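Asker:
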Amino acid sequence: MSQKHENENIKGIMDIKKRSQWADIWHHFKKNKAAIVGMMLIVLFVCLALFAPLIGDYQDDALKMNIRERLQSPSADHWFGTDEFGRDIFIRIVYGTRISLFVGIISVSIALSIGGFLGSIAGYYGGKIDNAIMRVLDVILAIPAILLAITIVAALGASIINLMIAIGIANIPGFARVVRAAILSVKDQEYIEAAKAIGAKDHTIILKHVLPNSMAPIIVFSTLKVATAIMATASLSFIGLGVQPPTPEWGSMLAGGRAYIRDYMYIVLYPGLAIVLSVLSLNLIGDGLRDALDPKLK
Amino acid sequence: MSEIILEVKNLKKYFDTPRGKLHAVDDINFSIEKGKTLGLVGESGCGKSTTGRVILRLLNATDGEIIYKGRDIRNLSKNEMRELRKEIQIIFQDPFSSLDPRMTVSEIIEEPIKLNKLIVDKEKRFERVVELMDLVGLSRRLINTYPHELDGGRRQRIGIARALALNTKFIVCDEPVSALDVSIQAQILNLLNELQEKLKLTYIFITHDLSVVNHFSDDIAVMYLGKLVEKASSEDLFNNPIHPYTQALLSAIPRASLDNKNEKIILKGEITSPINPKNNCRFADRCNYATDICREKEPELEEVIPGHFVACHIFKK
Amino acid sequence: MLIPVMLGVTFLVYFIISLTPGDAAAMILGNGATEESIKELREEMGFNDPTIVQYANYMKDLLTGDMGTSYSTGKSVAGEIGQRFPNTFKLTFSAIFIAILISIPIGVISATKQYSIFDNAGMIFALIGISMPSFWTGLMLIIAFSLNLGWFPSSGMDGIRSLILPAFTLAIASTASITRTTRSSMLEVVRQDYINTAKAKGVSKKDVIRKHALRNALIPAVTVIGLEFGILLGGAVLTETVFSWPGIGRLMVESIQRKDTPMVLGCVIVFAVAFSVVNLIVDILYAYIDPRIKANYN
Amino acid sequence: SKPAEPTATEEKPAATEEKAAVSKAEEPKVEVKDEIAIALDSDITSLDPQGHNDTKSEAVSFLLFNRLFRLNTDFEVVPDLAESWEQPSDTEWVIKIKEGVKFSDGTEMTSEDVKFSLERSQGMPKVKHVLAEVESIEIVDKYTVKLTTKSAFAPFLYSLVHAGASILPKAYVESGDEFVNPIGSGPYTFVEWVSGDKVVLEKNENYFDKENMGQTSKITFKVIPEGASRTIALETGEVDVVQALQTMDINKIVDNDDLTLYEEPSTRVDFFAMNNEKAPFDNKLVRQAINYAIDKEAIMIVAIDGAGTAAESVLAPSMLGYKAADYEFNPEKAKELLAEAGYPDGFDMTIWTSGDDRKRIAEIIQSNLMESGINATIEMYEWGTFIDVCMKGEEESLILGWTSNPDPDSTLTPLYYSENIGGMNFSRINNEKLDNLIVSAREELDLNKRIEIYNELHEYIMDEAPIVPLFVKNNVVGANAGLKGVELSPQGLWNIEKIHY
Amino acid sequence: MILNNNILNIEDLVIRYVTEDGIVEAVNGVNIKIEKGKTLGLVGETGAGKTTTALSILKLIPDPPGEVVKGNILLDNIDIMKANESKMEKIRGEVVSMIFQDPMTALNPVITVGDQIAEAIFIHQKVTKKEANNKAKEMLEMVGIPGNRLNEYPHQFSGGMKQRVVIAIALSCSPKLLIADEPTTALDVTIQAQVLELMRELKKKFQMSMLMITHDLGVVVEVCDDVAIMYAGRIIEQGTLEDIFRSTKHPYTEGLFNSIPNIEDRKAKLKPIRGLMSDPYDLPKGCAFCDRCDYQMEICKTKKPEKVYFSDTHFVECHLYNENKDFKLNNGRK
Ligand SMILES: Nc1ncnc2c1ncn2[C@@H]1O[C@H](COP(=O)(O)OP(=O)(O)OP(=O)(O)O)[C@@H](O)[C@H]1O
Ligand SMILES: Nc1ncnc2c1ncn2[C@@H]1O[C@H](COP(=O)(O)OP(=O)(O)OP(=O)(O)O)[C@@H](O)[C@H]1O
Ligand SMILES: [Mg+2]
Ligand SMILES: [Mg+2]
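As structure tokens, then:
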């Protein structure tokens, strides 16, 4: 076979379809039904966040109180009922999606950029640099993440920005470790040496070979961490250190409604479900990605 | 007219490990003539790959000289080294980990050309890729496949094509066939042979399988625990192995033939740790002939017959 | 290893908390304090010194076991934590115990019956568990088991019965990840050659799992249990709040709200020490389970 | 009197002035239990009666210690340790204490202890305000002391009922035990305090006042921060009394035959105080605007389930010389006034408060203010800190409640007298005319004249509008129907030593 | 049941793996006989189905995805196909045991070497734990490892020693048939020589029959009596050593010989087999080797070749001998 010379012209060969990696990953991802469900849910959440104004006005529907309509059970008018101030819970959950996704994504981005940077330096250069960075991160790691976040918010004051900073910082060591491990696993592969052997410079190697090949665990970890960050946001709000009223945020909705838990369970049920569903979806996607990106399973 | 293309003098490579200095390569000397093949043979962990890597400066040597075409590679600047990399290349043992799984066949072969700006025009470069694929016997329709879709033999061909993409003169072949099935192994060996003739290449051929180098090399160097124990033309080495280790190695090869069954020399024990080795003959523990001197003094590599070097106290003459 | 990390932790927390606005001296003196007396106290307590000097003084005291006195109650921090910590300890250990008790068997069975209904159910359970914020789970459990069924008290710390709900709440999330790790490492282990070797010897299926697979599969599970402990400690903060459990988690949240710096500092340090000690124990456990690691210690 | 803590207590419109036990028709099954558990919504802060100023700690202190006088449920001062007293002059009080009163360590109480305790009180940060009027304390004999006030002070005896005026054994305090194992003379003795969990007390069998002996042998105060959990605990029998019942659970208690609801109108006014020293609240128009901007009805609905009385002045309506002001909810008017004051586009401000229920109030105020164009941010504090920080005047506005003694002065002086800026004068109003009105009312012994002065004061203060009064609420206590002796005063659960099965 | 002199008799075994990507036809009608006391070498390329065949004898094909479609396996006259799990547990280790390819991973890293050997003894022989331990020590010494290393863990052993331990485990209950799946592939030549030497000795000592799986014809010469060449799930040629080495019949077998560098004749040009083994997901209708075969004929593409016998012991599956049994292979020239 090998010696057969096919005499197509070069152009023809150039056009041979390249099955892109993404198509490949998608192909594998698609097979995982749970992940697809998660994906659909997240898309739904994102749509809700994007098109929230079409569902209700932020000022008039999500913030403004309407005491006469307080504590109404779910109905056609108020799908999820109203809270103790007569605000529509559904609309508040919809606007809450914005906050949760936003905080989740931004705090993970903070952790990813700082932790990722530290992790890649530690992983790629190794030795003393590695040791120094990892020892410092060990210190942060010794404090359970949510406690660290609580402490930071407590010190800086409760606001959305501080919340993101706190959750971001608390997650730095995790990201640094994952990135470092990913880079280490790639760094010693022979194709990195091969690249060196053909004269590739350090940054070419990092950008073209190391990073693309270490992306998989990092992407998966990020997805899962967005989920954790959403949960952390809610937790901090729950103990009064997160998003402050009247901003609709799931955790603070839960915290505010918990006095009504016995007679108006839906006040805590729906925001809680929103958290569970979004976190669950992200976890499902993360799991799906893990399988789809794992070269061992290919 | 033999022209020495590479000469290695007193090459040493030590690794720092938690348990001490690991003498992966310990003071070895050899040279290779242009267009010839030097076989580097030895058991697992004896330092063959390290030697190869140090020659390409993928690892920095601890000590010694690596003189390629009259210049010591160890003294080259980064840019000079990059220039030199267009001439000396490496083919790896593991066809699975030596190819970037995120790149297609054409991207892998194209990369060295692109990086070294040999051909800037995209289409021309592509023509060159196809040419290389033809050269190593890769079907053109595989051009945009990914390595993981291919078998070991084809992957190894990609590795070879990549090594040939530049103006390659000298290739370190680090066990290029040991991960392959016999029938595929033979295909690759033949290919390497053809390429050597066609492109006037010089090889260092690393292997643990003596039968492979026998077929392939002009000279053979046998390594044991970071040291060269014997060095000769393949002819000489096979016909007249002198060092007890070489003898055992040769006899241990299972022969796929009912005739000439050879008497096996079974060695005791296994290769010992290269960490902080003692200053004696490193083979002494396993050697059937070892005497006191072997356990006390390190033998030098000496020319016992013209062109035939051995490091052994017992079989000096 | 523990000591430098603890030094780092105290410094980090001290530094973060020193960012907290507010005048500690005024806080201690309370209402009616004159400018002068505040100034005097500030001088006396060294609040005017640079943070690093204050930190050094704090550390000096800490080394003698003195964690300072609470700003809000004037009581000794060490004494207060000494009273509260055993409760948190009780809670988190019961939780991890429950988590292990549930998750290891589920993980093992899921792995041995891969793709069965049991496996799928187990994994869905695990994912949902991971996705539920503990404070929400807690509220839901209270509704179900305290309110509707009346089986367990919803608050306080009286005997085993009152421990069950908070411990379960806390355990659920950890159950999820331990189950998942056990399952996947079990699947990994079951593929190993030595399992085939054991089978080829004629070892029965049950014994293959029990004697050969489980111990190997436990190695990654033990790491996760160690890490989960950190998450549990963090979760304790929320669970203790929901269930009125008088542990240091709740103490910490209350102290943060009171801006009671020495108390917060004390709590975080105790958390970090507890977490680090657990990880140390995990390391030692490792050596017991995995002789390869023991070899590295010697 | 003291700032009322944020509790879940809400009240139905106070139907009667009597303490009303909404008792059950049927007799519940009798449990013969010799101990009771009382749910508190937060832990006590100190066992030192002079080391705290909150109702939870007070409830415990009252059981462990005695004061010279105490309040009965009708809010009248009655003697406790005092045997008799006389007033030789306007500023002098000679008090004879009962003989033979023993502390729980067996030592006898003498005037030494009284002098020591009252002087100590004056130096304790948390309670120094209580006896601020007292100039000197002298020992007359072993059982008699003489107190001299700085000026004529009609409501003086009320000061002596505060926990801060508790009589402590001098020897014990000087022993340096720091109240880890407090010794007192009260109807109960200390057993243990499990921080964050519970306080356990035991009947003092040797209590000096045989009539007011403890009725049950053990009382446990359990800390249950969650309102819903407190109610559940009561329903499941984990506790016998819930001291601060959350109002939304009132019907559950009423509907439950095993439980009894106790309600008592309080003298507590919840109010929204603006910091009169800070712009823009130094502008009367702004303060008035905010009085118009806030929807008290809405607040009542949310905070006390629509069952309270909207407050229309700084005091409860039952108070001497009360006069209502007329600020109806009117955002338009508020906007007009704001514009007049130079804030046509509103401004940004912060609201400080503490506790879940007040947070809800804050949220409504926030929403009300938004309608008038004011953008408010809520900042939450833990109760203990909250009071401390607020006294420093760093806040812009705050939400608080104030439970008052029956005498108006006990509210007006601490809250609105200029000298108490930095103390309880949270609005930091510093108004000469107001000061004069307060002082002359306090020193006026003629009741009608006093009423007149208070009428004027009400009118004046509400025009100055340092605060926005929000509502007056009831105390609500839930208890097991089998309990006897549950009594409420306007300050809440009272005479706990009398509770028993 | 016919009693016969064969320790192993496999007939028409078909095994496939059902995976997401398709069905792998791993074993397609294999017939293997091993006489008592004899050693059969099973030779073939990667993916030929050697391990699958071996595992089926122990009934250890992972299911799913593995599936034994049909076939008969008689092991020491026991019908494996009909044996239930508990019977199999008895058989494994006692009647048949197996050595796996990679000594590095074939031992449980958390159990001492001694316990791993003793376990099999304890299971199959009615002995106390202590006796089992003593026996384990004996076994260890027999494979040339000092008995006092009984309580060490696998990571403390070198590769060759580990493989010896694996052998000790396999032989601990003196099985009648030993299956060795490429026992020396992962080892260095000098170590390989040691291990092969040991196996030869032990085989003699225990009078065992053996199925030796390898892809190395050299190893076959060293230890085997008979050879079966496997290609794409079928035995395409089988015979005694003499048969296979001296009168090679199948073009594939010939190709294998030509692919091996010859140590004696270094100038001999390697003549590898072209191309690759057919995709096991999609085997051709006719002869599976036909794509790579230099003697390819029309019939090869459409019809599966039948067995052609040259002697009792020697058969081949190839169309070349359909008409002319005397056809001689001539290095690819037709
Ligand atoms: N980066 C490294 N750090 C530490 N030790 C190393 C490193 N690379 C190789 N070694 C050690 O150096 C010695 C020689 O290794 P090398 O890879 O050169 O052996 P080899 O002869 O190529 O063996 P093989 O046949 O297994 O490939 C070995 O003991 C190995 O463990
Ligand atoms: N668990 C499995 N799932 C799917 N396919 C499998 C599985 N095990 C083996 N196969 C496939 O079955 C075919 C035969 O495999 P087998 O392991 O028997 O080959 P082998 O001859 O032992 O090869 P090697 O020399 O590589 O060990 C191969 O194509 C392989 O990919
Ligand atoms: Mg190597
Ligand atoms: Mg195999």
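Protein chains in written order, with the numbering used here: chain A, 1 to 298; chain B, 1 to 317; chain C, 1 to 298; chain D, 1 to 501; chain E, 1 to 334. Even glycine gets a Cβ: it sits at the ideal position worked out from N, Cα and C. All values reported here derive from a predicted model rather than from experimental measurement.
Quick one: which residues of the segment 109 to 122 of chain B get their C-beta closer than 8 Å to a C-beta of chain A? List them in chain order.
Answerer: Cβ contacts with chain A come from 111, 112, 115 and 116.
Asker: List the endpoints of the continuous alpha helix (DSSP H) containing residue 57 of chain B.
Answerer: Position 57 of the second sequence holds residue 57 of chain B. Segment: none, residue 57 of chain B is in no alpha helix (DSSP H) and carries neither H nor E.
Asker: Should the segment 109 to 124 of chain C be called in touch with the segment 82 to 98 of chain D, which here means at least 3 C-beta pairs below 8 Å?
Answerer: These segments do not touch.
Asker: Give the secondary structure of residue 20 of chain B by DSSP, where H, G and I count as helix, E and B as strand, and everything else as coil.
Answerer: What you label residue 20 of chain B is simply residue 20 of the second sequence in a count that begins at 1. Reduced to three states, the DSSP call for residue 20 of chain B is strand.
Asker: Of all the CB atoms in chain E, is at least one closer than 9 Å to the CB of residue 258 of chain B?
Answerer: For this step, residue 258 of chain B is matched to residue 258 along the second sequence. So yes, residue 258 of chain B belongs to the interface.
Asker: Between which two residues does the alpha helix (DSSP H) carrying residue 247 of chain B extend?
Answerer: Walking along the second sequence from the start, residue 247 of chain B turns up at place 247. Element bounds for residue 247 of chain B: 244 to 252.
Asker: Can you find the residues in the same chain that come closer than 7 Å, C-beta to C-beta, to residue 223 of chain A, ignoring five residues on each side of it along the sequence?
Answerer: Start at 1 with the first residue of the first sequence, and residue 223 of chain A comes out as number 223. Cβ neighbours of residue 223 of chain A beyond the five flanking positions: 282, 285, 286 and 289.
Asker: Kindly list the residues whose CB is nearer than 8 Å to the CB of residue 315 of chain E, restricted to its own chain and excluding five residues on each side of it in sequence; keep chain order.
Answerer: Looking up residue 315 of chain E in the fifth sequence gives position 315. 237, 238, 239, 307, 308 and 309.
Asker: Kindly indicate the opening and closing residues of the alpha helix (DSSP H) around residue 338 of chain B.
Answerer: Absent from the model: residue 338 of chain B. The displayed extent of chain B is 1 to 317, so no value can be given.
Asker: What residues from chain C crowd round residue 235 of chain A, counting only those whose CB sits closer than 7 Å?
Answerer: In the first sequence, counting from the first residue as 1, residue 235 of chain A sits at position 235. Within chain C, the residues near residue 235 of chain A are 133, 135 and 238.
Asker: Hey, residue 69 of chain C and residue 262 of chain C: beta-carbon distance below 9 Å or not?
Answerer: On the third sequence, position 69 is the one that residue 69 of chain C refers to. On the third sequence, position 262 is the one that residue 262 of chain C refers to. Yes.
Asker: Would you report the Cα separation of residue 70 of chain D and residue 114 of chain D, rounded to the nearest angstrom?
Answerer: For this step, residue 70 of chain D is matched to residue 70 along the fourth sequence. For this step, residue 114 of chain D is matched to residue 114 along the fourth sequence. The straight-line gap from Cα to Cα measures roughly 15 Å.
Asker: Look at the alpha carbon of residue 161 of chain B and the alpha carbon of residue 167 of chain B, and state the distance between them as a whole number of angstroms.
Answerer: Position 161 of the second sequence, counted from the first residue, corresponds to residue 161 of chain B. Position 167 of the second sequence, counted from the first residue, corresponds to residue 167 of chain B. Residue 161 of chain B and residue 167 of chain B: Cα-Cα distance of roughly 12 Å.
Asker: What's the C-alpha gap between residue 186 of chain E and residue 157 of chain E?
Answerer: Translated into positions along the fifth sequence, residue 186 of chain E becomes position 186. Translated into positions along the fifth sequence, residue 157 of chain E becomes position 157. For residue 186 of chain E and residue 157 of chain E, the distance between alpha carbons rounds to 15 Å.
Asker: Could you pull out every residue in the same chain whose Cβ sits closer than 7 Å to the Cβ of residue 91 of chain A, ignoring the five residues on either side in sequence?
Answerer: Translated into the one-based positions of the first sequence, residue 91 of chain A becomes position 91. Here the set comprises 55, 56, 61 and 62.
Asker: With DSSP run on the structure shown, which of helix, strand or coil describes residue 135 of chain A?
Answerer: Reading the first sequence from its first residue, position 135 is the one you call residue 135 of chain A. Helix.
Asker: Note down the Cα distance separating residue 235 of chain C from residue 46 of chain E, rounded to an integer number of angstroms.
Answerer: Walking along the third sequence from the start, residue 235 of chain C turns up at place 235. Walking along the fifth sequence from the start, residue 46 of chain E turns up at place 46. Cα to Cα, the separation comes out at about 52 Å.
Asker: Do we get a CB-CB distance below 9 Å when we pair residue 215 of chain E with the residues of chain B?
Answerer: As a first step, residue 215 of chain E must be located in the fifth sequence, where it is residue number 215. Chain B contact via Cβ: present.
Asker: Pairing CB atoms from the segment 193 to 203 of chain C with CB atoms from the segment 137 to 151 of chain C, are three or more of them under 8 Å?
Answerer: Judged by Cβ distances under 8 Å, the segment 193 to 203 of chain C makes no contact with the segment 137 to 151 of chain C, as fewer than three pairs qualify.
Asker: Kindly examine ligand 3 and report whether one of its heavy atoms sits closer than 8 Å to the Cβ of residue 93 of chain B.
Answerer: As a working note, residue 93 of chain B is residue 93 in the second sequence. Flag set: Cβ of residue 93 of chain B near ligand 3.
Asker: Is the CB of residue 245 of chain A under 9 Å away from at least one CB in chain D?
Answerer: Here the question's residue 245 of chain A lines up with position 245 in the first sequence. Judged by the 9 Å Cβ criterion, residue 245 of chain A is in contact with chain D.
Asker: For residue 221 of chain A, which option in A:99, A:44 and A:116 has the closest C-alpha, if you only look at C-alpha atoms?
Answerer: Working through the first sequence from its first residue, we reach residue 221 of chain A at position 221. Closest by alpha carbon: A:116.
Asker: Of the residues that make up the segment 397 to 430 of chain D, which ones have a beta carbon closer than 9 Å to any beta carbon in chain C?
Answerer: Per Cβ criterion, the list reads 422, 423 and 424.
Asker: Looking at the unbroken alpha helix (DSSP H) that takes in residue 136 of chain C, where does it start and where does it end?
Answerer: Residue 136 of chain C sits at position 136 when you count from the first residue of the third sequence. Element bounds for residue 136 of chain C: 134 to 141.
Asker: Output the boundary residues of the alpha helix (DSSP H) element that contains residue 74 of chain B.
Answerer: Position 74 of the second sequence, counted from the start, is the residue given in the question as residue 74 of chain B. Per DSSP, residue 74 of chain B belongs to no alpha helix (DSSP H) and is neither H nor E.
Asker: Determine which residues share a DSSP beta bridge with residue 274 of chain D and list them.
Answerer: The residue given as residue 274 of chain D occupies position 274 in the fourth sequence. Its beta-bridge partners are D:397.
Asker: Identify, in the order they occur along the chain, each residue of the same chain with its Cβ nearer than 6 Å to the Cβ of residue 457 of chain D, setting aside the five sequence neighbours on each side.
Answerer: Taking the first residue of the fourth sequence as position 1, residue 457 of chain D is located at position 457. Hits under 6 Å: 437.
Asker: Does the beta-carbon of residue 240 of chain E, which I'm using as the reference point, lie nearer than 8 Å to any heavy atom of ligand 4?
Answerer: By 1-based counting over the fifth sequence, the position of residue 240 of chain E is 240. Outside the cutoff, so no.
Asker: What residues are listed by DSSP as bridge partners for residue 297 of chain E?
Answerer: To locate residue 297 of chain E, count along the fifth sequence from 1; it is residue 297. Partner(s): none; residue 297 of chain E has no beta bridge.
Asker: Residue 188 of chain D to residue 83 of chain D, Cα distance in whole Å?
Answerer: Counting from 1 along the fourth sequence, the entry for residue 188 of chain D is found at position 188. Counting from 1 along the fourth sequence, the entry for residue 83 of chain D is found at position 83. Rounded to whole angstroms, residue 188 of chain D to residue 83 of chain D spans 21 Å at the Cα level.
Asker: Excluding five sequence neighbours on each side, which residues of the same chain lie with their C-beta closer than 8 Å to the C-beta of residue 127 of chain E?
Answerer: As a first step, residue 127 of chain E must be located in the fifth sequence, where it is residue number 127. Excluding sequence neighbours, residue 127 of chain E sits near 121 and 135.
Asker: Is residue 25 of chain D helix, strand or coil when you go by DSSP?
Answerer: What you label residue 25 of chain D is simply residue 25 of the fourth sequence in a count that begins at 1. Note that residue 25 of chain D scores a pLDDT of 42, beneath 50, so its modelled location is shaky and nothing firm can be said.
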